[in-house]
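Before any comments, here is the structure.
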Amino acid sequence: MRRALARTALVLLGALTLPACAQLPIPSKDGLPPGVSAALARAGVPADALSALVVPIAPPGPERLRHRAEASVNPASVMKLVTTYAAIDLLGPDFTWTTRFFTDGEVSEGVLRGNLYVRGGGDPKLVLERIQDAFVTLQDQGVRVVLGDMVLDHGDFELPASDPAAFDGEALRPYNASPDALLVNFKSVILSFQPDPAVGVAWVRSEPPLAGLSIDTTVPLSGGGCGDWRLGLLAHFDDANTIRFTGRYPLDCGERSWPVAYQDPASYAARALEGLWRASGGALTGQVRTGPTPPGARLLHDARSLPLSDIITDVNQWSNNVMAQQVFLTLGRLSPTQVMSESTLADRLALMRPGRFERSREVIASWWRRTFGQTYEPPVLHNGSGLSRDERITADALVGLLRHAARHPQGERFVQSLSIAGVNGTAARMAQGPNSAARGNAWLKTGTLRDVMGVAGYVNALSGTRYAVVGFINHPNAPAARPALEALVEWTASQSD
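So the sequence shown is residues -22 to -1, 1 to 475, counted in mature numbering (1 follows the signal peptide of the UniProt record, and there is no 0).
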């Protein structure tokens, strides 16, 4: 079961080049590198839809390229750099979240006579195997039968009701999962399909085990190509208690997995925790419900999260939206006045309050003023993940952040959280040319929305200089202009003087 749970966590986590010896071409008439201009032209995107800034930071020097760097634009997921760097600076790379288990009863001979309270602390990656570890620890302490309720406490975040389909109408896409102080497994279900030609069906497995949810265990096989196999399943998610398939699964697809956001996210934590508790050998006589932890409850177990440095690697390399929002809301638990002062982390944590989006915006605004003063225009934040039509930042401001991070005592932890061009994460598809100078030499955060493309990070050039690079395209044809940003990164990596 542990191997299966580990696979579930992995499933959820989700160029134009110049020869290394080439002489750099003369910039085009719009001041941009020719490869960038050509890629924009092919995509039908005008040069004034691009904002770009390239600045050497080690050793420092004059700007290498500036193009509309003062324009305030939508950065898409590149905004995660603001959230994650503020977290590194304010909380430190070793910060952890805690999920706490309490009781108001007594434990004797394997039986808890009372309620078991599960208080979420905002852990961004409370996935199945870590929940199972916590349940095993509780059972080792003698809590195997709960003669009471399991009470889920979400009170560390105070969030308005949300519609997962509100952003783009894709309610079942895991990237639209909403944050939660007790965020269990990203509120997602993994459906796995294994063809069995001998009986003419594909066997369906699902994780995690959700209490009260019935899922068809087989779907008939079909011939033909794999194509858009999900549509062919004719999956029905209209009932919170069932997932049904009235279509077919193509034999040619082989084994496949489909992560989907559970159709009733409000009940996900209760269903998942009950299902996992029972699957781990525990018994429960009462119900699973939401409620506060009473003041006099006794602590049974602290389940610590992964450290912040690991969390922001998932956020930045794989652009995990809900994890970014968990970090953003955690920052909102700090006091803005403490952020403005030189208080210790312990002092800040001692004054933690429930996280709210508006409080997070206040805290990051205070942190920005303390860090950058009036030098750079502050960003406009909504939820800190970039999954927003409202967030705004300038290339100037983001380069300022990258330069500041490069001097930070924990700056290298921040750099290593980024995707490496041509190697891993969301930038793995970049720098694929045989003579790419950027491959393995650019640490980047990418961003994509319907009409936005962005890239930002650090590039080590052939000359040995490290550059801060930022590029944004805001235009209806922005996705087609992705090669322009790849050309910008490649041009920077090819600098030889």
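For every residue, glycine included, the Cβ atom is placed at its ideal position computed from N, Cα and C.
**Prompt:** When DSSP builds the beta bridges, which residues end up paired with Asp174?
**Reply:** Val179
**Request:** State the Cα-Cα distance for the pair Asp72 and His386, rounded to the nearest angstrom.
**Result:** Computed Cα separation, rounded: 15 Å.
**CA nearest to the CA of Glu336, picked from Val32, Gln352, Ser313** = Ser313
**Message:** Can you tell me where the alpha helix (DSSP H) holding Gly378 begins and where it ends?
**Reply:** 373 to 385
**Prompt:** By the 10 Å Cβ neighbour count, where 16 or more other Cβ atoms means buried, how is Pro138 classified, buried or exposed?
**Reply:** exposed
**Message:** Taking the beta carbon of residue 492 as the centre, do at least 16 other beta carbons fall within 10 Å, making it buried, or is it exposed?
**Reply:** Residue 492 lies beyond the residue range present for the chain, which begins at -22 and ends at 475; the question has no answer from this structure.
**Prompt:** Are the segment 213 to 231 and the segment 190 to 201 in contact at 8 Å, needing three or more beta carbon pairs?
**Reply:** yes
**Limits of the unbroken beta strand (DSSP E) element including Val401** = No beta strand (DSSP E) holds Val401; DSSP gives it neither H nor E.
**Asked** Measuring CB to CB, does Ser170 end up less than 7 Å from Ser235?
**Response** yes
**Message:** I'd like the list of long-range same chain contacts for Ser283, defined as Cβ closer than 6 Å, with 5 residues on each side in sequence excluded.
**Reply:** So the list reads Thr74, Trp75, Asp101, once near-sequence residues are dropped.
**Message:** According to DSSP, Glu84 sits in a beta bridge with which residue or residues?
**Reply:** Arg91
**Euclidean distance between Cα positions of Gly253 and Glu87** = 23 Å
**Prompt:** Residues in its own chain within less than 6 Å of Gln388 by CB, not counting five upstream and five downstream?
**Reply:** When the five nearest sequence neighbours on each side are left out, the beta carbons in the same chain lying within less than 6 Å of the beta carbon of Gln388 are those of Ile66, Pro71, in order along the chain.
**Request:** Tell whether a beta-carbon distance below 7 Å holds between Ser140 and Val167.
**Result:** Result no, Cβ atoms of Ser140 and Val167 do not sit closer than 7 Å.
**Asked** Start and end of the alpha helix (DSSP H) containing Ser15?
**Response** 12 to 21
**Prompt:** If you pair each beta-carbon of the segment 350 to 366 with each one of the segment 388 to 406, do three or more pairs fall below 8 Å?
**Reply:** no
**Asked** What three-state label does DSSP hand Pro38 in the structure shown?
**Response** Pro38: strand per DSSP, three-state reduction.
**Request:** Compare the Cα-Cα distances from Asp127 to each of Arg370, Gln119, Lys103, Thr268 and report the closest residue.
**Result:** Thr268
**Message:** With three or more C-beta pairs closer than 8 Å as the rule, is the segment 395 to 405 touching the segment 80 to 97?
**Reply:** no
**Request:** Would you kindly work out how many angstroms separate the C-alpha atoms of residue 476 and Thr404, rounded to a whole number?
**Result:** Outside the shown range of the chain, which is -22 to 475, sits residue 476, and nothing can be said about it.
**Request:** Report all residues from its chain with a CB closer than 7 Å to the CB of Ala218; omit the five preceding and five following residues, and keep chain order.
**Result:** Gln241, Asp242, Ser245
**Request:** State yes or no: is the C-beta of Tyr445 within less than 7 Å of the C-beta of Val32?
**Result:** A contact, by the Cβ cut-off of 7 Å.
**Request:** Could you work out which residue in Ser474, Leu427, Gln410, Pro412 is closest to Ser441 when comparing CA atoms only?
**Result:** Ser474
**Item:** Close Cβ partners of Thr271 (< 6 Å) along its chain, the five nearest in sequence each way excluded
**Value:** Phe80, Tyr95, Arg97, Asp131
**Prompt:** Between which two residues does the alpha helix (DSSP H) harbouring Lys58 extend?
**Reply:** 58 to 69
**Prompt:** What does DSSP give as the partner residues of Gly98 in its beta bridges?
**Reply:** In DSSP, Gly98 forms no bridge with anything.
**Asked** When the Cα atoms are used, what is the spatial distance from Thr291 to Leu427?
**Response** 21 Å
**Request:** Note down, one range per segment and in chain order, each beta strand (DSSP E) of at least 3 residues found wholly within the segment 115 to 185.
**Result:** 128 to 131, 166 to 174, 179 to 185
**Prompt:** Are the beta-carbon atoms belonging to Gln304 and Pro157 less than 7 Å from one another?
**Reply:** yes
**Request:** Compare the C-alpha of Leu43 against each of Arg276, Gly274, Leu69, Val447 and name the closest.
**Result:** The residue with the shortest Cα to Cα distance from Leu43 is Val447.
**Message:** I'd like to check one pair, Asn455 with Val14: are the Cβ atoms closer than 7 Å?
**Reply:** No, these two residues do not count as a Cβ contact at 7 Å.
**Prompt:** Nearest-angstrom Cα distance between Leu2 and Pro12?
**Reply:** For Leu2, the pLDDT reaches just 42, beneath the cut-off of 50, and the residue's location in the model is therefore unreliable, leaving the point undetermined.
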